[in-house]
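Numbering (the numbering used here), first residue to last: 12 to 141.
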Amino acid sequence: MKVIDGTNAVLGRLASFVAKEALKGEEIKIINCEKIIITGNKKSIEKEFFETRNRVGTRQIGPKVSRVSEKIVKRTIRGMLPDHRQGRGRQAFKRIMCYNKVPQELKDLKAISLNEKEKRKYIEVKEISK
């Protein structure tokens with residue numbers, strides 16, 4: 012089992028790393044999902060997320076886009092998996108867990124950090140999930 016700290020980690024890079032590890036058969040827990048960053052222009056990122064949320068659909072078939080930050084991260088990881096509805100992708104998706112804070116059972120374990128110390132334009136996931 013791998014524990015990954017999402018503080019200042021870039022969402023796309025984190026998602027691709029987690030997807031590859033889950034496909035290898037590794038069980039993965041991601042903590043501090045609120046502090047993961049999405050790089051790019053802040054206004055265009057917000058516009059894209061709000062347009063996705065405000066698409067009109069029926070209650071039964073969707074689109075169902077959650078506003079919770081750990082579900083935003085998990086949905087991004089789902090997009091990196093081959094087919095999340097059946098076979099290998101489904102099994103890999105079940106091995107991934109996301110948390111906003113550090114749960115009690117994971118406090119003693121050492122977390123892997125994927126953050127980079129660069130100055131860039133970014134927005135945190137918690138700002139999108141308001």
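For glycine and all other residues, C-beta sits at the position ideal for the given N, C-alpha and C.
Judged by DSSP secondary structure, Met-91 falls within the alpha helix (DSSP H) whose first and last residues are 80-91. For Ile-39, the enclosing beta strand (DSSP E) begins and ends at 39-42. Per DSSP, Lys-53 is not a residue of any beta strand (DSSP E); the alpha helix (DSSP H) it occupies stretches across 53-64. Exposure of Asn-65 is indicated by the presence of fewer than 16 other C-beta atoms within 10 angstroms of its C-beta. Using a Cβ-Cβ distance cut-off of 8 Å, the stretch 105-125 and the stretch 17-30 are in contact, since at least three pairs of beta carbons, one from each stretch, lie closer than that value. A Cβ-Cβ separation of about 16 Å leaves Lys-137 out of contact with Gly-51 under the 8 Å criterion. Beta-bridge pairing by DSSP links Thr-50 to Tyr-133. The shortest C-alpha to C-alpha distance from Pro-74 to any of Phe-28, Phe-60 and Lys-31 is the one to Phe-60. Per the coordinates, the alpha-carbon of Val-76 lies some 7 Å from the alpha-carbon of Thr-63. Of the other Cβ atoms in all chains shown, 16 or more fall within 10 Å of the Cβ of Thr-87; this residue is therefore buried.
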